[in-house]
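The structure appears below as structure tokens.
In UniProt numbering, the protein residues as written are 1 to 342.
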């Protein structure tokens, strides 16, 4: 008897043997196929003993799916990893007349190294913006720490009153969460309840401003007029700061450019679809976690919770985030302008 593991599908057994014949170790093969060291060793030893990739004879109910059908199901899922096990079972019934329980499909997928996971949410990156991201990263990756110490990072973010905007699952292999096919593209600010503007630098957080209604370029200027220089003084930067913002049309409108030309002449405009270039995005995540720990029943509670959580962010956190800028940019270069872990 072999090790007590989930049945390994024929395509995976074949891959295990092929990788072994290429000289890869059991441990490396196990990592690639998503099975244990002992399961991989068992498949290889049994192949060496029998020269066969087939299953051993066993009594009991025969499998409903033959190897060809198993490969077809796995192949179809890889084309669209967001498909559910019930939908694959329904398709199998309609095309071949074979009825299987969705759990049978899930077992097959897991045996092929595919596991249901919540998809990472990342902004869609167009080819034009991929090139812009790569160019920006190459231009700034070697800037010294003293450069980043002078940057005030800014952004807007949305917080829902009651939980998230919904959650789905994607079937993927281990360590493949950043592959394009496994990502869930996002659009900023859809269906939000509370919108905020905030800024930060290495020495701490600046002001947090709540935005009422749909933001316009004029509203953006009013926010900057009220908050930018006071935040700079709070952060010890006065007029020596570089102001970072993204390429949002409200930020790059003519009246916004004119205001910034006078009030923040040194600017750092990051490319579109590049939240991983802005460490303040990590602060939004911290706020989200903090407010979900509080009892929030209305918009006023949410605002108070956000303001309190914002004021509790310590300079050690912001300093570490700013220190990560060279690593963030190098990750973008390594990814050729596509998604990174940040």
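All C-beta atoms, glycine included, are put in the ideal place defined by N, C-alpha and C.
By the criterion of a C-beta distance shorter than 6 angstroms, residue 242 is surrounded in its chain by 150, 151, 266, 268, once the five residues flanking it on both sides are discounted. One Cα belongs to residue 53, the other to residue 16, and the distance between them is close to 10 angstroms. For residue 208, the pairing in a beta bridge is given by DSSP as 198. A straight-line Cα-Cα distance of about 7 angstroms links residue 112 and residue 8. One thing to note: residue 318 has its Cβ within 8 angstroms of the Cβ of residue 205.
Counting along the chain, the unbroken beta strand (DSSP E) around residue 242 starts and ends at 242-245. Beta-bridge pairing by DSSP links residue 100 to no other residue.
Residue state for residue 323 is assigned as helix, using DSSP reduced to three classes. Here residue 278 is buried: its Cβ has 16 or more other Cβ atoms, across all protein chains shown, within 10 Å. Rounded to whole angstroms, the gap between the alpha carbons of residue 245 and residue 236 is 19 angstroms. A Cβ-Cβ contact shorter than 8 angstroms links residue 332 with residue 133. Taking a cut-off of 8 angstroms on C-beta distances, the segment 297-315 does not touch the segment 102-116, as fewer than three cross pairs fall below it. By the neighbour-count definition (other C-beta atoms within 10 Å, threshold 16), residue 233 is an exposed residue.
Of the residues 45, 32, 247, the one whose Cα lies closest to the Cα of residue 136 is 247.
If the five residues before and after residue 288 are omitted, its C-beta is found closer than 8 angstroms to the C-beta atoms of 159, all from its own chain and listed in chain order. Counting along the chain, residue 258 sits inside the alpha helix (DSSP H) bounded by residues 254-263.
Within the same chain, Cβ atoms closer than 8 angstroms to the Cβ of residue 14 are found at 53, the five residues on either side in sequence being excluded. DSSP places residue 267 within a strand segment (E or B) once states are collapsed to three. DSSP, read as helix, strand or coil, puts residue 333 in helix. Under DSSP, residue 155 forms a beta bridge with 198.
Counting every other CB atom within 10 Å of its CB across the protein chains shown gives residue 199 a total of 16 or more, marking it as buried. Its chain contains 329 as the residues whose beta carbon lies nearer than 7 angstroms to that of residue 140, once the 5 sequence neighbours on both sides are disregarded; these appear in chain order.
For residue 77, the uninterrupted alpha helix (DSSP H) segment begins and ends at 67-79.
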